[in-house]
Amino acid sequence: MSLWERLQALARIGAAPDGQGLVRWPFTPAEAEAVAQVRAWMEADGLRTRRDGAGNLFGRREGTDPAAAAVLVGSHLDTVRGGGSYDGALGVLGAMEAVAGLPALRRPVEVVAFTNEEGNRYPALLGSRALTGALLPDELDRRDPDGMPLREAMAAAGLDPAALAGCAAQPGRYAAYLELHIEQGPVLEASGTPAGIVERIAGLRMGTATLLGRADHAGTTPMDRRADALHAAAGALSAAYAAADGLGRPAVLTCGRLTLRPGSPNVVPAAVELTLDMRDAEVGRLDRLAEAAHAAFAAAAEAHGVKLRWEMRPGTPPTPMDPGLCDILEAAARDLGLPCLRMTSGAGHDAMAVARIMPAAMVFVPCRGGRSHTPDEYASPEACANGAALLREAVRRCAS
Ligand SMILES: [Zn+2]
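Read in order, the letters of the sequence shown correspond to residues -19 to 380 in our numbering.
Here is the structure:
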């Protein structure tokens, strides 16, 4: 089966009940079916498979030097709700395609399909964090949106929750990690470039800002007598957006959810809670963005006589990819005649977790309109094949 045929076959597993895209959440029958299918393909390709305590699936090909550290290459099989057929899947199936065409090499090569990259059900990057020993202290007690703790979901899927902590890779087991992924953004397509080499993954700050004012009659309370939480939030958001615009790419700031109380058309809003998601490639710029947003909200709260509650989580710092691996990818692209662009990933990926314990780098290929996390997600057969070819050439160099 070709890479393209496998992508289309995998895309039939986990169709959303409403017919809109895929839902392959971790520790569900849909995910189990996808893992079983990929495992069967790995074995058909001659890879020796195993599943670890996190549910990560590995397919190993031996090297000529049995003591050499392996090259790890892969991505994830889970999807968001209403997700597309290429996010994650291309990285796993593309890795298998890359490995299948390799000559005998010194190092072993392992293809990996990580569990729960997306984080819609349980904290993101579960499988790759388990591999690197970066589990949360209360990981097994984390609950999904229906209230089911992770330990119960794992047990229901036939996995032993007690084995999760034992998934960390032995030091020296792996030499490098490579991940192929669709870009999930418009840069490559817009510039007509077939490949991206990810130099860093953007850092993230997120949390909530709550403005607490006072509910009053919308008709009888003059503007100058109100403590209108939304009026304050509107000004604060405008200033925060302006700060992100001022920093320029790749800084981004998103308010994706805004909740009003009491939420009545004829009542001045007493409280507004809104989420903020801020990202940038450099920690100094991310700090500046977060500070500017905080200052904007504090000033608006003061001006409108409302209280501000500012709750930002520690977030993740920007993660640089390994410069040596990026150079290998660039040289491989040159040999293949594939023009490439060095870039920042605004989205998080398994490579971010893996980079903690080994050199890691990523290849991006264009996707139509830059669209992802939607049923409209699409990467052409040519884009997928380019990615797999580049991965193969890079793995060959890393494993020689
Ligand atoms: Zn992904």
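Cβ coordinates follow ideal geometry from the N, Cα and C atoms, glycine included. For clarity, every value in this text was computed on a predicted model and none was experimentally measured.
Rounded straight-line distance, which links the Cα of residue j to that of residue i
i      : j     : result
V60    : P202  : 46 angstroms
A281   : R206  : 12 angstroms
A(-5)  : A12   : 14 angstroms
A382   : V375  : Here the chain has residues from -19 to 380 only, and residue 382 is not among them.
R131   : A104  : 16 angstroms
L210   : G62   : 31 angstroms
L256   : D118  : 24 angstroms
M22    : A148  : 22 angstroms
S244   : A189  : 20 angstroms
H56    : R122  : 20 angstroms
P83    : A379  : 10 angstroms
Y66    : A359  : 7 angstroms
T8     : G295  : 28 angstroms
I(-7)  : A212  : 47 angstroms
D307   : L191  : 48 angstroms
G146   : K287  : 46 angstroms
Y154   : G107  : 16 angstroms
L2     : L168  : 25 angstroms
G127   : T200  : 44 angstroms
P46    : G(-1) : 47 angstroms
G193   : A214  : 13 angstroms
L73    : Q17   : 11 angstroms
G317   : V232  : 33 angstroms
S(-18) : P339  : 30 angstroms
G94    : A283  : Sequence inspection shows Phe at residue 94; the Gly mentioned does not correspond to that position. F94 and A283: Cα-Cα distance of roughly 49 angstroms.
M186   : G236  : 11 angstroms
L240   : A250  : 8 angstroms
A133   : D124  : 9 angstroms
A311   : T234  : 36 angstroms
G152   : V79   : 21 angstroms
A368   : A216  : 45 angstroms
L144   : R30   : 15 angstroms
S171   : A363  : 14 angstroms
A198   : S218  : 23 angstroms
Extent of the continuous beta strand (DSSP E) to which residue i belongs
i    : result
F38  : 37 to 41
G176 : 175 to 181
W21  : No beta strand (DSSP E) holds W21; the alpha helix (DSSP H) holding it covers 9 to 24.
W290 : 287 to 292
R30  : 28 to 31
Supposed close pair residue i, residue j - CB separation, criterion 8 angstroms
i    : j    : result
C347 : T173 : C347 to T173, Cβ: 13 angstroms. No contact.
E163 : V345 : 7 angstroms
G54  : A69  : Wrong, their Cβ atoms sit about 11 angstroms apart, outside the cutoff.
V15  : L37  : 5 angstroms
M301 : A331 : 7 angstroms
A195 : P129 : The pair is not a contact, with the Cβ atoms about 37 angstroms apart (cut-off 8 angstroms).
A223 : P298 : That pair is no contact at about 18 angstroms.
P355 : G64  : 6 angstroms
P6   : R101 : 6 angstroms
L139 : G33  : 7 angstroms
T112 : R336 : 5 angstroms
A341 : L370 : Contact flag wrong, Cβ pair sits at about 11 angstroms.
Boundaries (first-last residue) of the alpha helix (DSSP H) holding residue i
i      : result
E373   : 361 to 379
N225   : Inspection of the sequence shows that residue 225 is occupied by Asp rather than by Asn. 209 to 227 is the extent of the alpha helix (DSSP H) around D225.
A136   : 130 to 136
V91    : Where V91 is concerned, there is no enclosing alpha helix (DSSP H), although the beta strand (DSSP E) it sits in stretches over 89 to 94.
G54    : Per DSSP, G54 belongs to no alpha helix (DSSP H); it is in the beta strand (DSSP E), 50 to 56.
A170   : 167 to 171
E77    : 69 to 80
A(-11) : -17 to -10
Check whether residue i and residue j have beta carbons under 9 angstroms apart
i    : j      : result
A273 : W(-16) : no
A156 : A313   : no
M323 : V178   : yes
P88  : E159   : no
V248 : L238   : no
L27  : G39    : yes
A270 : M292   : yes
G81  : R377   : no
A279 : W290   : no
H353 : H161   : no
A10  : R4     : yes
E77  : R(-14) : yes
M258 : L305   : no
R180 : L227   : no
A220 : A136   : no
T396 : R109   : Because the chain spans -19 through 380 in this model, residue 396 falls outside it and cannot be assessed.
Of all the alpha helix (DSSP H) runs that stay within the bounds of the segment 219 to 285, which reach a length of 4 or more residues?
With a minimum length of 4 residues, the continuous alpha helix (DSSP H) runs that stay inside the segment 219 to 285 are 263 to 284.
Which whole runs of the alpha helix (DSSP H) in the segment 95 to 161 are 4 residues long or more, in chain order?
The segment 95 to 161 contains, as complete alpha helix (DSSP H) runs of 4+ residues, the segments 106 to 111, 130 to 136 (chain order).
If we require 3 or more residues per run, which beta strand (DSSP E) segments fall completely within the segment 303 to 369?
Whole beta strand (DSSP E) segments, 3+ residues: 320 to 325, 340 to 345.
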